[in-house]
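First the structure, in the form of structure tokens, and then the observations on it.
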Amino acid sequence: MEFQFQFDWQAAIHSIPFLLKGIPYTLLISFGGLAIGFVLGIIFGLLSINKHWFLRWPATAYIEVFRGTPILVQVLFIFYGLPDLVGGPIDPLTAGIAAIALNSGAYISEVVRGGVQSIDKGQTEAGLSLGLSRTQTFWSIVWPQAFRRMIPPLGNQAIVSIKDTSLFSVIGVGELVRQGQVYIANTFTAFEVYFVVAILYLMITLSLSLILRLLERRGLTSV
1 MEFQFQFDWQ
11 AAIHSIPFLL
21 KGIPYTLLIS
31 FGGLAIGFVL
41 GIIFGLLSIN
51 KHWFLRWPAT
61 AYIEVFRGTP
71 ILVQVLFIFY
81 GLPDLVGGPI
91 DPLTAGIAAI
101 ALNSGAYISE
111 VVRGGVQSID
121 KGQTEAGLSL
131 GLSRTQTFWS
141 IVWPQAFRRM
151 IPPLGNQAIV
161 SIKDTSLFSV
171 IGVGELVRQG
181 QVYIANTFTA
191 FEVYFVVAIL
201 YLMITLSLSL
211 ILRLLERRGL
221 TSV
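Structure representation (structure tokens):
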């Protein structure tokens, strides 16, 4: 048997308008979840280096649990498991945002911890010698320097979270992959459609990478 395959450019082009409908969901889930995850990351990242064990241990447990389990398992647990506890269904979009928030929050916590601990202790001593309180010293001196160092890894986490949304098609979220699955079910053009899906994801992540590089060139991040 002679196997011949010819890429159907027309089918690929025709799929684009339908696939583009999934981009708002992809961006909403990823950036909505990242916004919440950033807040969680700051809270648990700072708690993980707190001197009090009763604050440090729960933060460490959260970080290890969500870094140590697949995000697919997390979103399935939220979507299918939590309704048994809350007594009602959870919207797929809500489940997706929650999964990204909790998962990215754990990784961002480690970014925050590493960023803060990378600042020389002499910076804190200098702030205290100027008459600032420890809280003022942290937020006025330590945090701005630490945040600059966090920007590159935070950008990497944003890219990872955008790609993670592709897994949420399993719960019916209408993001890019789900749109592709629906289109393929009607046209049977899997190769062409998934090729376009991959290109769209690449365009999103490359755009974000470009923005991060521009920030670095403008000196908003440390080397």
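Mapped onto full-length UniProt numbering, the consecutive letters of the sequence shown carry residue numbers 1 to 223. Even for Gly, the Cβ is constructed at its ideal location relative to N, Cα and C.
Query raised in the report: Can Leu130 and Leu19 be called in contact, C-beta distance under 9 Å?
Result: As a first step, residue 130 is located in the sequence shown; it is residue number 130 there, counting from the start. As a first step, residue 19 is located in the sequence shown; it is residue number 19 there, counting from the start. Not closer than 9 Å, so no.
Query raised in the report: What span of residues does the alpha helix (DSSP H) with Ile97 cover, start to end?
Result: For the purposes of this step, residue 97 is taken as the residue at position 97 of the sequence shown. Unbroken alpha helix (DSSP H) run through Ile97: Pro92 to Gln117.
Query raised in the report: Below 9 Å between beta carbons: does that hold for Gly45 and Ser109?
Result: Against the sequence shown, residue 45 aligns to sequence position 45. Against the sequence shown, residue 109 aligns to sequence position 109. Result yes, Cβ atoms of Gly45 and Ser109 sit closer than 9 Å.
Query - CA nearest to the CA of Thr26, picked from Asn50, Pro92 and Val142 - result: Counting from 1 along the sequence shown, the entry for residue 26 is found at position 26. Comparing Cα-Cα distances from Thr26 to each of Asn50, Pro92 and Val142, the minimum goes to Pro92.
Query raised in the report: Are Ile119 and Gln145 touching if we call contact CB-CB under 9 Å?
Result: Residue numbering aside, residue 119 sits at position 119 when the sequence shown is read from its first letter. Residue numbering aside, residue 145 sits at position 145 when the sequence shown is read from its first letter. Yes, the Cβ-Cβ distance between Ile119 and Gln145 is below 9 Å.
Query - Reference Leu208; option with closest CA among Ala185, Val170, Lys163 and Thr189 - result: The residue labelled residue 208 in the question sits at position 208 within the sequence shown. Cα-wise, what sits closest to Leu208 is Lys163.
Query raised in the report: Are Thr165 and Ile100 close, meaning C-beta to C-beta below 9 Å?
Result: Residue 165 sits at position 165 when you count from the first residue of the sequence shown. Residue 100 sits at position 100 when you count from the first residue of the sequence shown. For Thr165 and Ile100, yes; Cβs fall inside 9 Å.
Query raised in the report: Quick one: is Gly22 buried, meaning 16 or more other Cβ sit within 10 Å of its Cβ, or exposed?
Result: Position 22 of the sequence shown, counting from 1, holds the residue named residue 22. So Gly22 counts as buried.
Query raised in the report: Do Gly81 and Gly33 have their C-beta atoms within less than 9 Å of each other?
Result: Working through the sequence shown from its first residue, we reach residue 81 at position 81. Working through the sequence shown from its first residue, we reach residue 33 at position 33. It is not a contact, given that the beta carbons lie outside the stated cut-off.
**Report entry** Backbone secondary structure at Arg213 - three-state DSSP
**Finding:** Here residue 213 refers to the residue found at position 213 of the sequence shown. In the structure shown, Arg213 sits in a helix (DSSP, three-state: H, G or I).
Query raised in the report: Going by the CB atoms, is the gap between Val75 and Leu167 shorter than 9 Å?
Result: Within the sequence shown, the letter at position 167 stands for residue 167. Within the sequence shown, the letter at position 75 stands for residue 75. Yes; because the gap between Cβ atoms is below 9 Å, this pair is in contact.
Report task. Can you tell me which of the three DSSP states Pro89 falls into? Result -> Taking the first residue of the sequence shown as 1, we reach residue 89 at position 89. Three-state result, Pro89: coil.
Report task. Find the nearest neighbour of Ala12 within the set Thr60, Ala198 and Phe54, judged by alpha-carbon distance. Result -> Residue mapping note: residue 12 aligns to position 12 of the sequence shown, counting from 1. Comparing Cα positions, the closest option is Ala198.
Query raised in the report: If you count every other CB in all the chains shown that lies within 10 Å of the CB of Val112, and 16 or more means buried, which is it?
Result: Within the sequence shown, numbered from 1, the residue matching residue 112 stands at position 112. Label assigned to Val112: buried.
Query raised in the report: Between Ile211 and the rest of its own chain, which residues show a CB-CB distance below 6 Å, the 5 nearest in sequence each way excluded?
Result: Position 211 of the sequence shown, counting from 1, holds the residue named residue 211. There are no such residues.
Query raised in the report: Terminal residues of the continuous alpha helix (DSSP H) containing Tyr25?
Result: Taking the sequence shown and counting its residues from 1, one reaches residue 25 at position 25. Ile23 to Leu47 is the extent of the alpha helix (DSSP H) around Tyr25.
Requested in this report: Within 10 angstroms of the Cβ of Leu85, are there 16 or more other Cβ atoms? Answer buried if so, exposed if not.
Outcome: Here residue 85 is taken as the residue at index 85 of the sequence shown, counted from 1. Exposed, by the Cβ-count rule.
Report task. Measure how close the beta-carbons of Ile49 and Val116 come, nearest whole angstrom, since I'm counting them as under 8 Å. Result -> If you number the sequence shown from 1, residue 49 lands on position 49. If you number the sequence shown from 1, residue 116 lands on position 116. That pair is a contact at about 7 Å.
Query raised in the report: Can you tell me the Cα-Cα spacing of Thr221 and Val142, whole angstroms?
Result: Numbered from 1 along the sequence shown, position 221 holds the residue referred to as residue 221. Numbered from 1 along the sequence shown, position 142 holds the residue referred to as residue 142. With a pLDDT of only 46 at Thr221, under 50, the local geometry of the prediction cannot be trusted, and the value read off the model is given with reservation. Looking at the two C-alpha atoms, the distance is approximately 14 Å.
Query raised in the report: Helix, strand or coil for Asn50 per DSSP?
Result: As a position in the sequence shown, residue 50 is number 50, starting the count at 1. Here Asn50 sits in coil by DSSP.
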